[in-house]
Amino acid sequence: MHTHATYTYTDLHREFQALCADGKVQTAMDVLCEMESRGQFPCERDYICFLKACSKTRAISQAKRLQAHFANNSFKLTTLLKEFLIIALVKCGAHDDALCVFETLHRRSVHAWTAIITASVDSGNGRNAIKLYRRMQAERVECNEFMIVSLFRACSTLRNLEFGKELHAEAKRRGFLSDVFVGSTLVNMYGKCGDIQGAKDVFVKLPCRNTVSWNAMLSAYVDQGQPEKALKCHKQMKQEGLIPEEATYVIILQACAMLAEEEGMAIDGQMVKMKALMIGRGIHEELKQKGFQSHPFVSSSLINMYGKCGDIREAESVFRGLSRRDVVSWTAILAAYVVQSQGEKVLELYKEMQKDGIRPDQQTLVIALQGCCLVADKEEFSLVDGQAVKHEALKIGRNLHEEIRLRRFESNVFVASSLVMMYGKCGGIADAEHAFGRLTHVDNIAWNSMLSAYLDQGQGKKGIELFRRMLEEGACVDEVTFVCVLQACSDTGEVELCRDINFCIISVGCQLNTLFTSLTHAYGSCAQMSDARAICDTSCRPDTVLYSALIAGFCREGNSAACFEIFERMHFACIFPDQVIFLCLFSTCSHNGLVNEGLNLFNMMSANHHVQIGAKHIVSLFDLLGRAGDFKRLEGILRKLPVQTDGAVWLCLLAACRNHGNAEMGKFAFDYAVKLQPTEAGAYVLMSNICVDADMLGWAKQWDNNCRNGLGVWEEDFRLCIV
C-alpha cells in the first residue's frame with residue numbers, strides 16, 4: 001500500500017475512485033480506512049462506488065469487510081446504501097448476509113426485493129423466493145422484469161406450473177413479454193414444467209426471436225423427451241437465418257443422445273444407433289467448420305453423443321483430439337464407457353485422469369462408482385470372513401470411497417446414493433448401511449439405492465422393513481421405490497403388501513407399464529395368477545414386457561394352456577414376442593412334454609417373428625427333446641449347429657444323454673463341451689456318470705485320470721461319481 005502521509009483528501013478520494021474503477025477493491029478498502037482515520041469520511045456515493053466494484057469483481061471478502069466496518073463503527077446506513085450493500089452481497093454469493101441486511105429495511109424498493117428474491121433462486125431455494133414475492137405483493141410493491149425472470153427460473157426448478165402461469169399473466173399485464181429475455185425464460189419454464197404446448201404458444205408470439213429464445217424452445221423439446229422435434233426446430237432455426245452458437249449445439253447433441261436411446265442394431269458385437277449416429281456425425285462436421293468442436297461443453301456433448309450412439313471409437317477420438325482435457329471432458333468419456341458397460345475401461349481411464357493431475361468432481365466420482373458396479377456385475381462372489389462379496393470390486397469401491405471422504409463429498413446425496421448402490425452390488429451391505437446412515441438429508445434417490453442394495457443381496461425382508469421405515473418418516477415414494485418393493489414381495493412372498501401397493505397405484509390412477517409389469521411379476525411369484533391376469537387386463541397399453549411377466553408366471557405355475565392363450569392374445573393385439581417370451585414357452589413345453597408345440601415355436605421364432613435364436617433357446621430345445629428322449633430329432637438339429645455353439649448347449653445334451661443312457665451321443669457332446677471349456681467340471685462329472693451307468697469303467701477311469709493330470713476339475717467331484 002502507498003504511504004499517504006502527504007496526500008490531501010482530494011488526492012485520496014481521487015485514488016479511491018480510480019481503484020474502484022479498476023476493480024482493485026482490496027487496495028480501495030485500505031484507502032477508504034485511511035481516509036476515515038484522518039477524519040475525512042467518504043460520502044454515500046463513494047461507498048456505493050465501492051460496493052459496485054465488489055459486485056463487479058465478486059469480491060465477497062471485501063463486501064463483508066465493509067459490512068463489518070459499518071457495524072463496528074455504528075454507521076447509520078440510508079435505505080439506498082443498504083440496498084447497494086444487499087445487491088453486492090447477493091452478487092458475491094453471501095445470501096444469508098444479504099437477507100439479514102434486507103430484514104433491517106423499513107421501506108423496501110423493487111430493487112431490494114429483486115436482489116433478495118434472485119439470491120433465493122440462485123441458492124436453490126425457489127420456495128423461499130415465492131414466499132418473498134408474496135410478502136412483496138402484501139407491501140404493494142410492483143415487480144420488474146428482472147424479478148419476473150428470476151421467479152420463472154424458480155418455477156422451472158420446482159416444476160410449479162400453476163405459479164408460473166400466474167407470473168405469465170402478471171408479465172403480460174405489465175408488458176414484459178416484448179422483452180426477448182423474459183419471453184425466452186418463460187418458454188424455458190413451460191418446457192421444464194412439462195407444458196410443451198404452452199412453450200410453443202409463447203415462442204410463436206415472441207415479437208423478436210433470437211438465438212436465446214430458439215435455444216429455450218430446443219431445450220423444451222429435449223426436456224420433454226422429444227428429440228426429433230428438437231432437431232426439426234434446429235433446422236427451422238437455420239432456415240430463418242439465425243446462426244447457432246455453442247449452447248445451441250450442446251442442446252442438439254443432447255437431442256441426438258436421446259434419439260440414440262431408441263433400439264439400435266448390432267454391428268461388430270456392439271449396439272449402434274444408426275439414425276442418431278448419422279445426424280450426430282453431420283452436426284460434428286458443422287462444428288468442425290465453425291471451429292466449435294474444441295469448446296469444453298461442446299466437445300463433452302460430442303463425446304456423450306457418440307457414447308450413447310454406440311460409437312465408442314469416435315468418442316475416444318474426440319476426447320484424445322482435445323488439446324486440453326478438463327474434468328468435464330474426462331467425465332464425459334468415463335460416462336461413454338459406462339453406457340457401453342465397460343467397467344474396467346472406466347476405472348482404467350479414471351486412473352489415467354488422476355495421473356494427469358485432474359481432480360475429480362462429484363459427478364466424476366459418481367460415474368467411477370458406476371464403473372465399479374459394472375466390474376462387480378462380472379465378478380463372481382467369494383467368501384471373505386464368512387460373507388459372500390465381490391472381492392476385487394469391493395476393494396476398488398472402498399478406495400473410491402476413501403477419495404470421496406478426503407474430498408468431503410460424502411454428504412452429497414447423489415454421491416452417497418451411488419456409494420450405497422456400489423456396496424450393494426459388491427456384497428458390502430454393512431458398508432452400504434454405514435454410508436446410508438451418514439446422510440443428514442435422505443431423499444428418495446438415497447432410499448431407493450438402499451432398497452436396491454438389499455435386493456442385490458437377496459435380503460428382501462430387510463428391503464420391506466426399510467420401505468415401512470420410509471413410510472413412517474414421511475419419505476416420498478416413486479416408481480423406482482414401488483418397483484424395488486414389488487421385487488422384495490416377489491422374493492419373500494409378501495402377497496398382502498403386494499396388494500397394498502397395487503391399491504396405491506390404482507388409487508392415484510397410475511398407468512405406468514413398468515409398475516404393471518412389476519405387479520404382474522410379483523403376483524406371479526406369489527402364485528396369485530388371477531391377480532396377475534387382472535393387472536394385465538386393466539393395463540391401457542400392455543406391451544411385450546408386461547405379457548412376458550404374465551407368461552412367466554403361468555410357466556412357473558405349470559399352466560401351459562394359459563401360456564399359449566396369452567401368446568395368441570399377443571398375436572391378435574399385434575404385440576410382438578421377444579426372446580424372453582420364447583424361453584418361457586420352451587420351458588413350459590419342456591416341463592409338460594409338449595415336443596411338437598416346442599418345435600413349432602422354434603421354427604416360427606425367426607421365420608414368423610424375426611426373433612434371433614440364441615444359445616439359451618437352443619439349450620431349451622435340447623432340454624425339451626432330451627427330456628422326451630427324442631435323440632433322432634436332436635441329431636438333426638446337431639448337424640445344423642456351428643462348432644462354436646455355447647458350452648451350455650453341450651452340457652444340456654450331456655445331461656439328457658445321462659438321463660436316457662445314450663453313451664454314444666454323450667461322448668460326442670462331451671468332446672465338444674471340453675473343446676469349448678476344457679476345465680468345466682460338470683462335463684467330466686456327467687460323462688463319468690454316463691460311463692458308470694453304461695458299465696464303461698475304463699472310460700470313467702480315463703476321465704478321472706484326465707482330471708488328476710491338471711485339467712483343473714475338482715477331484716472330489718469324480719470321487720463321488722466313480723463308485
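First residue of the sequence shown? That's 1 in full-length UniProt numbering, and the numbers climb one at a time after it. All residues carry an ideal CB built from backbone N, CA and C; glycine is no exception.
Taking residue i as the reference, which of the options has the closest Cα?
i: ARG541; options: ASN399, ALA573, GLY524; result: ALA573
i: SER300; options: VAL250, LEU259, LEU19; result: VAL250
i: THR440; options: ARG469, MET421, ARG468, GLU410; result: GLU410
i: LEU451; options: CYS476, ALA475, MET421; result: MET421
i: CYS584; options: MET604, ARG569, LEU550; result: LEU550
i: MET136; options: PHE70, LEU161, SER109, GLY124; result: SER109
i: GLU479; options: GLU472, VAL495, CYS510; result: CYS510
i: TYR423; options: ASP443, ALA28, ARG407, LEU455; result: LEU455
i: ALA247; options: PRO296, LEU277, VAL413; result: PRO296
i: GLY661; options: ARG320, GLU568, TYR672, GLY626; result: GLY626
i: ILE252; options: GLY282, GLU240, GLY241, ALA656; result: GLY282
i: ARG556; options: CYS372, CYS526, LYS235; result: CYS526
i: LEU81; options: ALA63, ALA94, HIS95; result: ALA63
i: HIS571; options: MET604, LEU594, ASN125, LYS205; result: MET604
Between residue i and the ligand FMN, is the CB less than 7 Å from at least one heavy atom?
i: ARG107; result: Judged by which ligands are present, the structure shown has none, so any question about the ligand FMN falls away.
Hey, how far is the Cα of residue i from the Cα of residue j?
i: ILE87; j: VAL121; result: 14 Å
i: ALA534; j: LEU546; result: 12 Å
i: PRO244; j: TRP214; result: 9 Å
i: ALA266; j: HIS610; result: In this prediction, ALA266 has a pLDDT of 42, which is less than 50 and means its spatial position is unreliable; nothing more can be read from the coordinates.
i: ALA368; j: LEU400; result: 8 Å
i: GLY199; j: SER150; result: Here residue 199 turns out to be Ala, not Gly, going by the sequence shown. Those two C-alpha atoms are separated by around 17 Å.
i: THR588; j: ASN559; result: 8 Å
i: ALA129; j: ARG209; result: 28 Å
i: ALA171; j: VAL101; result: 28 Å
i: ARG107; j: THR114; result: 14 Å
i: ALA260; j: LYS351; result: 29 Å
i: SER688; j: ASP578; result: 38 Å
i: CYS256; j: GLU285; result: 14 Å
i: CYS20; j: PHE70; result: 18 Å
i: LEU85; j: LYS131; result: 22 Å
i: THR520; j: THR514; result: 10 Å
i: PHE602; j: SER590; result: 12 Å
i: ALA435; j: LEU419; result: 7 Å
i: MET29; j: ILE116; result: 25 Å
i: ALA68; j: PHE152; result: 34 Å
i: GLN17; j: LEU51; result: 12 Å
i: GLU103; j: ALA94; result: 15 Å
i: GLY175; j: GLY194; result: 25 Å
i: THR92; j: CYS49; result: Reading off the sequence, residue 92 comes out as Cys, not Thr. Their Cα atoms are separated by approximately 16 Å.
i: GLN270; j: GLY343; result: Note on GLN270: pLDDT 49, under 50, position unreliable in the model; the coordinate value appears next. Whole-angstrom Cα-Cα distance: 15 Å.
i: ILE404; j: VAL483; result: 29 Å
i: LEU624; j: LEU653; result: 10 Å
Is it right to say residue i is buried, meaning 16 or more other beta carbons lie within 10 angstroms of its own, or is it exposed?
i: VAL713; result: Note that VAL713 has pLDDT 42, beneath the 50 cutoff, so the model's placement of it is unreliable and the number below is only indicative. When all chains shown are included, VAL713 counts as buried.
i: GLU83; result: buried
i: ARG14; result: exposed
i: GLN457; result: buried
i: ILE506; result: exposed
i: PHE503; result: exposed
i: SER61; result: exposed
i: VAL318; result: buried
i: PRO207; result: exposed
i: THR538; result: exposed
i: PRO678; result: exposed
i: LEU406; result: exposed
i: residue 771; result: Limits of the chain in this structure are 1 at one end and 723 at the other, which puts residue 771 out of reach.
i: ASN160; result: buried
Since residue i and residue j are thought to touch, with beta carbons under 8 Å apart, how far apart are those beta carbons, to the nearest angstrom?
i: SER620; j: ILE613; result: So it is not a contact: roughly 10 Å between Cβ atoms.
i: SER417; j: ILE396; result: Rounded, the Cβ-Cβ distance is 18 Å, inconsistent with contact.
i: ALA522; j: LEU486; result: 4 Å
i: ASP201; j: GLU145; result: The Cβ separation is near 20 Å, so there is no contact.
i: ALA119; j: VAL90; result: 4 Å
i: SER156; j: MET189; result: 5 Å
i: THR78; j: GLU44; result: 6 Å
i: residue 727; j: GLU680; result: Residue 727 is absent from the model: the chain starts at 1 and stops at 723.
i: GLY553; j: GLY524; result: 2 Å
i: ASP630; j: VAL595; result: 6 Å
- Message: Count Cβ pairs between the segment 419-438 and the segment 390-400 that sit closer than 8 Å; are there 3 or more?
- Response: yes
- Task: Please confirm if the segment 356-364 is in contact with the segment 377-385, defined as three or more CB-CB distances below 8 Å between the two stretches.
- Result: no
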